[in-house]
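Here the structure comes first, spelled out in structure tokens, and everything after it is commentary.
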Amino acid sequence: MIKIFFFGIAILSLATSCVTSKIYEDLQDKYDTLKVENRKLMDELNNSEDYNTISNEALKEEIEKLKAEKSRLAMDLAALNSSHDRLKESYNALEENSSSKLIENLELNRNLLTQLEEREKALAAESLRLKQLQSDLEARSKRVEELEGIIAAKDAQMTNLKNAISKALTNFEGNGLTVEQRDGKVYVSMENKLLFESGSWAVNSRGREAVVQLGKVLAENPEIAVLIEGHTDNVAYSGNGNIQSNWDLSTKRATSIVSILTENSKILKENLTAAGRGEYSPIGSNNTSEGKAKNRRIEVILTPKLDELSKLLNE
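According to the numbering used here, the sequence shown is numbered sequentially starting from 3.
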């Protein structure tokens, strides 16, 4: 029985290094069992008939050992209880900390998810905007291509017109008449010496011939707007009649050219405009006779009608 008792004490001592709830409970049960057996032994020893035959000293020594073991076992149990309490406290703290971290992580994940959803919505909106911009850009590119095509066609038309006029007026070029193409327009410049006598707005025969030839080309190009501008030098008009100034004279001369052009029934009258610029748009210096001669002129400015362009731009 004593061996069993010491065996139990050894097992209980080992429990101090492995503190778990199950081991603790098992050791507690064994300790309680050994206490019962110890009590029974003591009772048996006290009631045994052979008690007097046992050496009192040996028995006392054995009892003292048992008491010492009991005391040590009680101390080990107290230490085990303390270790168990600390372990339980640590476990509770760990569990509480883990729960707090879990809640914190869940909140963080929730915030991140919200941000991600908002970012996805923003990206979707931006993608839609980019698609719309791409669509608008494609539409504008198409319109630009159409405009460029129309402009190129108009340029080609004006080049053909310029060539046709140069061919028709070959006999007059170099005699105070020039034909130029610039800025998408054709400019036909005729000096007054080809068209008028000094101070007069009546077109002479040679000038009429040039205007008639020009009219034949214009009749074949009904999509061309025709502006006839009269210009003078800076010498004040000194003639008689209803003419009040150089401005008035330049207007009369432009109107005379229009009158000759309208004799050609194929020329659309709504395409014709007469204007007097007087001395206020010179191309040469009025300080020289050569410059003044250049300034006294009729300019016929031919411009392509841009109805198609206007229509595209207004769409």
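We put the beta carbon where it would ideally sit given N, CA and C, even for glycine.
Based on Cα-Cα distance, which residue from Glu122, Arg208, Arg299 and Leu75 lies nearest to Gln30?
Locating residue 30 in the sequence shown gives position 28, where the first residue counts as 1. The shortest C-alpha separation from Gln30 is found at Leu75.
Count the C-beta pairs between the stretch 248-261 and the stretch 271-287 that are closer than 8 Å, then say yes if the count reaches three, no if not.
yes
Could you work out which residue in Glu222, Ile167, Ser202 and Val205 is closest to Tyr189 when comparing CA atoms only?
Reading the sequence shown from its first residue, position 187 is the one you call residue 189. Comparing Cα positions, the closest option is Ile167.
Residue closest to Thr305, alpha-carbon to alpha-carbon, out of Ile226, Ser291 and Glu119:
Taking the first residue of the sequence shown as position 1, residue 305 is located at position 303. Measuring from the Cα of Thr305, the nearest candidate turns out to be Ile226.
For Tyr53, three-class secondary structure by DSSP
The sequence position of residue 53 within the sequence shown is 51, counting from 1. Residue confidence is low: Tyr53 scores 49 on pLDDT, short of 50, so the model does not pin down where it sits. Its coordinate-derived value is still stated next. Of the three classes helix, strand and coil, the one that applies to Tyr53 here is helix, per DSSP.
According to the neighbour-count rule (16 or more other Cβ atoms, all chains shown, within 10 Å of its Cβ), is Glu128 buried or exposed?
As a first step, residue 128 is located in the sequence shown; it is residue number 126 there, counting from the start. Glu128 comes out exposed.
Within this structure, are the beta carbons of Ile303 and Lys187 separated by less than 7 Å?
Walking along the sequence shown from the start, residue 303 turns up at place 301. Walking along the sequence shown from the start, residue 187 turns up at place 185. Yes. Within cutoff.
Threshold first: 3 residues or longer. Then list the beta strand (DSSP E) segments lying entirely within the stretch 254-281, N to C.
274-280
Measuring CB atoms only, is the stretch 173-185 touching the stretch 194-209, in the sense that at least three cross pairs come out at less than 8 Å?
A contact exists between the stretch 173-185 and the stretch 194-209.
Just the Cα atoms here: how many angstroms apart are Pro284 and Ser191?
Start at 1 with the first residue of the sequence shown, and residue 284 comes out as number 282. Start at 1 with the first residue of the sequence shown, and residue 191 comes out as number 189. About 13 Å.
Beta-carbon within less than 6 Å of Leu229's beta-carbon, same chain only, minus the 5 sequence neighbours each way: which residues are those?
As a first step, residue 229 must be located in the sequence shown, where it is residue number 227. So the list reads Thr275 and Ile303, once near-sequence residues are dropped.
In or out: Gly201 buried (at least 16 other Cβ within 10 Å) or exposed?
Taking the sequence shown and counting its residues from 1, one reaches residue 201 at position 199. Gly201 should be labelled exposed.
Report the rounded CA-to-CA distance for Ser102 versus Glu119, giving the unit in angstroms.
Indexing the sequence shown from 1 puts residue 102 at position 100. Indexing the sequence shown from 1 puts residue 119 at position 117. Their Cα atoms are separated by approximately 26 Å.
Return the first residue and the last residue of the alpha helix (DSSP H) that Ala295 is part of.
Sequence index remark: in the sequence shown, residue 295 carries index 293 (1-based). Per DSSP, Ala295 belongs to the alpha helix (DSSP H) from Ser291 to Asn297.
Over the uninterrupted beta strand (DSSP E) stretch that includes Gln183, give me the two end residues.
The residue given as residue 183 occupies position 181 in the sequence shown. Taken as a continuous stretch (DSSP letters only), the beta strand (DSSP E) holding Gln183 covers Leu179 to Arg184.
Any C-beta of chain B under 7 Å from that of Gly178:
Absent from the structure: chain B. Only one protein chain is present.
Could you check whether Ile262 and Ala221 sit closer than 7 Å to each other, using their CB atoms as the reference points?
One-based indexing of the sequence shown puts residue 221 at position 219. One-based indexing of the sequence shown puts residue 262 at position 260. No, these two residues do not count as a Cβ contact at 7 Å.
Reference Val237, options Asp185, Asn297 and Ala170, closest by Cα
One-based indexing of the sequence shown puts residue 237 at position 235. It is Asn297 whose Cα lies nearest to the Cα of Val237.
Could you give the DSSP three-state label for Leu304: helix, strand or coil?
Working through the sequence shown from its first residue, we reach residue 304 at position 302. Correct three-state label for Leu304: strand.
Do you know offhand how far Asp235's Cα is from Asn162's?
For the purposes of this step, residue 235 is taken as residue 233 along the sequence shown, with counting starting at 1. For the purposes of this step, residue 162 is taken as residue 160 along the sequence shown, with counting starting at 1. For Asp235 and Asn162, the distance between alpha carbons rounds to 32 Å.
In whole angstroms, give me the CA-to-CA distance for Asn165 and His233.
What you label residue 165 is simply residue 163 of the sequence shown in a count that begins at 1. What you label residue 233 is simply residue 231 of the sequence shown in a count that begins at 1. Each residue's Cα considered, the two are about 25 Å apart.
Residue from Leu82, Val38 and Lys72 with nearest C-alpha to Tyr26:
Numbered from its first residue, the sequence shown carries residue 26 at position 24. With distances taken between Cα atoms, Tyr26 lies closest to Leu82.
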